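Numbering (our numbering), first residue to last: 267 to 384. These notes are about the structure you will find just below.
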């Protein structure tokens, strides 16, 4: 089953040295997951200042700078993994470096037949 591990943290809580250390540790984890056949994708995200939100209401597109929701923690990155069950996904989530400073949300994907790559 595929799980998205969404990494939330306060955007400005890391200095550049901490950020680079996190990237290095995250890269090591990605290589371990790849070797175990569980890795599908992972990436940090640019800050919310670079985000653009799109909404369509009554057939009209509305564009807003920044994320849609105002929260204390922002979505900072993700891992996409393919594991047997929720317990395996949780075991990976606790290894993500930002789990020690922020939150990792674990959500199963709904796999829709016929999508590209199927």
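Backbone N, C-alpha and C define an ideal beta-carbon position, used for all residues, glycine too. Everything numeric in this text was worked out from a predicted model, so none of it was measured.
Where residue i falls, given that 16 or more other Cβ within 10 Å makes a residue buried
i           : result
residue 358 : buried
residue 368 : buried
residue 290 : exposed
residue 362 : buried
residue 320 : exposed
residue 370 : buried
Where the beta strand (DSSP E) containing residue i begins and where it ends
i           : result
residue 323 : 318-323
residue 373 : 369-374
residue 271 : 268-275
residue 330 : 326-331
Three-way DSSP call (helix, strand, coil) for residue i in this model
i           : result
residue 286 : helix
residue 351 : coil
residue 361 : coil
residue 366 : helix
residue 346 : strand
residue 381 : coil
residue 295 : helix
residue 280 : coil
residue 341 : strand
Host alpha helix (DSSP H) of residue i (start-end)
i           : result
residue 302 : No alpha helix (DSSP H) holds residue 302; DSSP gives it neither H nor E.
From the options, residue whose alpha carbon lies closest to that of residue i
i           : options               : result
residue 376 : 284, 317, 360 and 346 : 346
residue 309 : 275, 342 and 383      : 342
residue 311 : 323, 294, 298 and 285 : 285
residue 360 : 328, 372 and 350      : 372
residue 317 : 326, 331 and 324      : 331
Contact belief for residue i with residue j at Cβ below 8 Å, rounded distance in angstroms
i           : j           : result
residue 353 : residue 306 : Incorrect: roughly 18 Å between the Cβ atoms, too far for contact.
residue 355 : residue 271 : 7 Å
residue 275 : residue 339 : 6 Å
residue 267 : residue 374 : 6 Å
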